[in-house]
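**Student:** First the structure, then my questions, so here it is.
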């Protein structure tokens, strides 16, 4: 139902003594301004119906005047003092000639004309202020960007819904690639998902943490899955080059960065998807840091590297002492044999001591050998390219591909397929790729506009405070509104009131036989 600005009696539709005015506003402006506008126009007996811009066309025919407030900068208009009226323009209002604003004998017309001139003067004074002009244009830009933000949010949300229907194929493809990569890294096939919990993976595909969630549903451990956006990766690469400006990594490529930067020190696999696919190919890259699986004992050896060096030195000294004893015993035995000493008991004692010392020497030498033995090294690092499309093609039979195609064209039921079934298919992977690429573009644009808008809003608040533009405004801004909103609200209300008064003045003047 239309909001009516009225007094006690509103003429019924179709009577000759009525002047029907319709004001169309956006939903947010209608909610914000209706009450104040009602109060203003009620005082001077002017009736206006206030509706949203979506008001049906067939219901507009009964109105004499249809006013519309766009509240934006028209295309092709530049922000300057001469064109400020375009921001606050009200379409559909009559152009009144100032020299014809003569109330003559009508008290009602005189009252309305007086109010019209008062409001008009307030508007003119504001629009002569260059600071207000700058405020108005900047706010118009902000509102325009706000509409764009809503548009992109809606687009991202819509694409998210589409992605949900087809994303499983993508995660299956990544799962296959990661399982293959894990086997290449460790030389161990994936058994009972054990290796999935030991190999750390970094996902870079600009789908936020969506891919992580998908892989977790395929039995990957969330603790070993990490995410990084393409922009963050690029920034870190630039920082890495800057830090190494004086060494061989000054012009580091992606491989140099991944295999030498601290950010990736504990990452075994980095999955890259830049979404640069064609109808025939969907290449993704995987960086592998190949390593040999080491024992717990060797892990402890790595952790106690400095301690091990001290132990080696200590064991070498002990071994030297045992060898010295062994040498002395051997000399003693040699003398006894040379001089044919008849003390058999003494000879046997030395011989037993020789055996014990020899056994001790062998034991200590083996122990030193174990301490000095190097830990199995990791060594091999490389980047491999996989083709997601080729993976699916190679895994599907001819009939499966035909069924995929038929289902994508809406003919799945002819082949006995349930179209509502969440299949994992090559066709769904193609759809996933397209939706995801569009989502990334929309999300990037959304983030860019949001960042620019936030920055501009902060600058505008500073501008308003610096120039003390709010000193003449009595009302404080409503919750969630920008600080300068009351100042603009006052001016917009004045412009809306002027438009309504113009319609009423034109009507009353014509009723008196005057051409306005």
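In the working numbering, the protein residues as written are 96 to 611.
We put the beta carbon where it would ideally sit given N, CA and C, even for glycine.
According to DSSP, simplified to helix, strand and coil, what is residue 115?
**Tutor:** It is coil, neither helix nor strand.
**Student:** Of all the options 421, 305 and 358, which has the alpha carbon lying nearest to the alpha carbon of residue 534?
**Tutor:** Comparing Cα positions, the closest option is 305.
**Student:** Among the candidates 293, 330, 253 and 189, whose CA atom is the shortest distance from the CA of residue 276?
**Tutor:** With distances taken between Cα atoms, residue 276 lies closest to 293.
**Student:** On the criterion of 16 or more Cβ atoms from any shown chain inside 10 Å, does residue 166 qualify as buried, or is it exposed?
**Tutor:** So residue 166 ends up on the buried side.
**Student:** Note down the Cα distance separating residue 413 from residue 442, rounded to an integer number of angstroms.
**Tutor:** Approximately 26 Å between the Cα atoms of the pair.
**Student:** Under a Cβ-count criterion, where at least 16 other Cβ atoms within 10 Å of its own Cβ denotes burial, should residue 467 be classed as buried or exposed?
**Tutor:** Exposed, since its Cβ has fewer than 16 Cβ neighbours within 10 Å.
**Student:** Report the start-end ranges of each alpha helix (DSSP H) in the segment 189–235 that is 4 residues or longer and not cut off at the edges.
**Tutor:** Entirely contained in the segment 189–235, the alpha helix (DSSP H) runs reaching 4 residues are, in chain order, 202–222.
**Student:** Looking only at C-alpha atoms, which of 487, 127, 594 and 372 sits nearest to residue 271?
**Tutor:** Per the Cα distances, 487.
**Student:** Which one of 269, 207 and 154 has the shortest CA to CA distance from residue 601?
**Tutor:** Comparing Cα-Cα distances from residue 601 to each of 269, 207 and 154, the minimum goes to 207.
**Student:** Does DSSP put residue 322 in a helix, in a strand, or in coil?
**Tutor:** Looking at residue 322 - three-state DSSP - the assignment turns out to be strand.
**Student:** Is there contact here, the segment 544–554 with the segment 209–217, by at least three beta-carbon pairs under 8 Å?
**Tutor:** Contact between the segment 544–554 and the segment 209–217 is absent, because fewer than three Cβ pairs lie under 8 Å.
**Student:** Go ahead and pull the three-state DSSP assignment for residue 493.
**Tutor:** For residue 493, the predicted structure reports a pLDDT of 45, less than 50, and the residue's modelled location is therefore unreliable. A value from the coordinates is still provided. Reduced to three states, the DSSP call for residue 493 is helix.
**Student:** With the cut-off set at 8 Å, would you say residue 530 and residue 153 are in Cβ contact?
**Tutor:** Not closer than 8 Å, so no.
**Student:** According to DSSP, residue 482 sits in a beta bridge with which residue or residues?
**Tutor:** Answer is 378.
**Student:** When burial is assigned at 16 or more other CB atoms within 10 Å of the CB, is residue 599 buried or exposed?
**Tutor:** Its Cβ being crowded by 16 or more others within 10 Å, residue 599 is buried.
**Student:** Is residue 52 helix, strand or coil by DSSP?
**Tutor:** The chain is shown only over 96 to 611; residue 52 falls outside these bounds and no answer can be derived.
**Student:** How would you label residue 119, buried or exposed, when you count the other beta carbons within 10 angstroms and need 16 or more for buried?
**Tutor:** Flag for residue 119 reads buried.
**Student:** Rounded to the nearest angstrom, what separates residue 606 and residue 246 at their Cα positions?
**Tutor:** Whole-angstrom Cα-Cα distance: 46 Å.
**Student:** In terms of residues, what are the limits of the alpha helix (DSSP H) holding residue 144?
**Tutor:** Taken as a continuous stretch (DSSP letters only), residue 144 belongs to no alpha helix (DSSP H), being part of the beta strand (DSSP E) at 143–147.
**Student:** For residue 580, count neighbouring Cβ atoms within 10 angstroms of its own Cβ and tell me buried if that reaches 16, exposed if not.
**Tutor:** By the 10 Å Cβ count, residue 580 comes out buried.
**Student:** Mind checking residue 538: buried by the 16 CB within 10 Å criterion, or exposed?
**Tutor:** Buried is the call here.
**Student:** Is the number of C-beta pairs between the segment 260–270 and the segment 337–344 that are closer than 8 Å three or more?
**Tutor:** Too few Cβ pairs lie closer than 8 Å, so no.
**Student:** With a threshold of 16 other CB atoms inside 10 Å of the CB of residue 596, please say whether the residue is buried or exposed.
**Tutor:** Under this definition residue 596 is a buried residue.
**Student:** With a CB to CB cut of under 6 Å and the five nearest residues on each side skipped, what residues in its chain are close to residue 359?
**Tutor:** Answer for residue 359: 353, listed in chain order.
**Student:** Is DSSP giving residue 587 helix, strand or coil here?
**Tutor:** Looking at residue 587 - three-state DSSP - the assignment turns out to be helix.
**Student:** Taking only three categories from DSSP, how would you classify residue 471?
**Tutor:** Below a pLDDT of 50, predicted positions are generally treated as unreliable, and residue 471, at 47, falls in that range; no measurement from the model is reported.
**Student:** Counting Cβ pairs, one atom from each stretch, are 3 or more of them under 8 Å apart for the segment 421–431 and the segment 442–454?
**Tutor:** Flag = yes, the segment 421–431 and the segment 442–454 touch.
**Student:** Compare the beta carbon distance of residue 478 and residue 350 with 8 Å and say whether it is the shorter of the two.
**Tutor:** Cβ distance < 8 Å, so residue 478 and residue 350 count as in contact.
**Student:** When the Cα of residue 230 is compared with those of 603, 594 and 556, which residue comes out closest?
**Tutor:** Closest by alpha carbon: 556.
**Student:** Am I right that residue 188 and residue 162 are in contact with their C-beta atoms under 8 Å? What's the rounded C-beta distance?
**Tutor:** Yes, they are in contact, since the Cβ atoms of residue 188 and residue 162 sit about 6 Å apart, within 8 Å.
**Student:** Just confirm the distance between the C-beta atoms of residue 383 and residue 485, as a whole number of angstroms; I'd bet it's less than 8 Å.
**Tutor:** Contact flag wrong, Cβ pair sits at about 19 Å.
**Student:** When we look at the beta-carbon of residue 440 and count the other beta-carbons within 10 Å, is it buried (16 or more) or exposed?
**Tutor:** By the 10 Å Cβ count, residue 440 comes out exposed.
**Student:** Between the Cα of residue 542 and those of 141, 525 and 301, spot the shortest distance and give me the residue it belongs to.
**Tutor:** Selected option, being the one with the closest Cα: 301.
**Student:** Does DSSP put residue 428 in a helix, in a strand, or in coil?
**Tutor:** Residue state, collapsed to three classes: helix.
**Student:** Pick from 457, 465, 357 and 376: whose alpha carbon is nearest that of residue 653?
**Tutor:** For residue 653 there is no data in the structure shown, the boundaries of the chain being 96 and 611.
**Student:** Going by DSSP, what residue range makes up the alpha helix (DSSP H) through residue 349?
**Tutor:** From DSSP, the alpha helix (DSSP H) with residue 349 extends over 349–355.
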